[in-house]
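Number 95 in the working numbering belongs to position 103 of the sequence shown; there are no gaps in the numbering. Even for Gly, the Cβ is constructed at its ideal location relative to N, Cα and C. Note that the coordinates shown come from a computational prediction; the quantities given were computed from them, not determined experimentally. This report refers to the structure that appears directly beneath it.
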Amino acid sequence: MKIEKNTVVSLRYKLTDAQNNIIEEPDSPMVYLHGGYEGTFPKIETLLDGQDVGYEASIQLEPSEAFGEYDPELLKIEPRARFPEPLEVGMQFEGVPDEEGEDPGDEDEEPLIYTVTDVADSQVVLDGNHPLAGMALRFWVQVEDIRNATDEEIENRHPVGAEAFAFGMPDGLDDGEDDASNEISHPGSSSPTLH
């Protein structure tokens, strides 16, 4: 069977930065619905289109093809009193508590996830950029399995049990790493899918 639209692909992968430092090399494969459902990056889908089980390749994604350029305007300094205690570097918040000036008319947009990058006595530094924003990334991929998607999977736009993948987004389901910038979300997280 070949990879084509509406097939479910199990993919082993290794993610490194441009200097070949490993960011993630999970034990279990990533499973996604192929065919433009935002289950992985478009450049990776294009690479895999028409391939068989066992196919492997390496590909580099520039920031614009992965998580975008780093946006310094997404850095915020907020009063520590707005946040719950205990407050630690690496914690994440959807939006900023009691944020003023937020436009409720933008409900269609995904809310920003802010990561605490520094905590001082009275202030907190938050970063709304994806932890891998601004980085060129290298993926090694190997196709482990391909199957036809069910009607339900096509309707839901993702395979059963593989809700979302968001490389680099800590969500408490990390694999034991202490460095928050290297934590990676796993299936079932509520983070946005790769795109």
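Nonlocal neighbours in the same chain, by C-beta distance under 6 Å from residue i, ignoring five residues either side
{"i": "R130", "result": "T8, Q52"}
Close Cβ partners of residue i (< 7 Å) along its chain, the five nearest in sequence each way excluded
{"i": "E86", "result": "P103, I105"}
Where residue i falls, given that 16 or more other Cβ within 10 Å makes a residue buried
{"i": "G42", "result": "exposed"}
{"i": "A141", "result": "buried"}
{"i": "V243", "result": "The chain is shown only over -7 to 187; residue 243 falls outside these bounds and no answer can be derived."}
{"i": "D95", "result": "For D95, the pLDDT reaches just 47, beneath the cut-off of 50, and the residue's location in the model is therefore unreliable, although a value from the coordinates is still provided. Exposed."}
{"i": "E145", "result": "buried"}
{"i": "I138", "result": "buried"}
Whole-angstrom distance between residue j and residue i, CA atom to CA atom
{"i": "F59", "j": "P123", "result": "9 Å"}
{"i": "L117", "j": "L66", "result": "Sequence inspection shows Val at residue 117; the Leu mentioned does not correspond to that position. Cα-Cα distance, rounded: 11 Å."}
{"i": "E30", "j": "Y24", "result": "9 Å"}
{"i": "H150", "j": "G126", "result": "27 Å"}
{"i": "S181", "j": "S114", "result": "Because S181 carries a pLDDT of 32, less than 50, the predicted location of this residue cannot be relied on, and no value is offered for it."}
{"i": "E147", "j": "N(-2)", "result": "10 Å"}
{"i": "K6", "j": "N121", "result": "22 Å"}
Cβ of residue i within 8 Å of any chain C Cβ
{"i": "E70", "result": "Here chain C cannot be found, since the structure has a single protein chain."}
Cβ pair residue i, residue j closer than 8 Å
{"i": "V135", "j": "I(-5)", "result": "yes"}
{"i": "W132", "j": "S20", "result": "no"}
{"i": "V45", "j": "H26", "result": "no"}
Please determine if the stretch 28 to 46 and the stretch 67 to 75 are in contact, where contact requires at least 3 C-beta pairs separated by less than 8 Å. no
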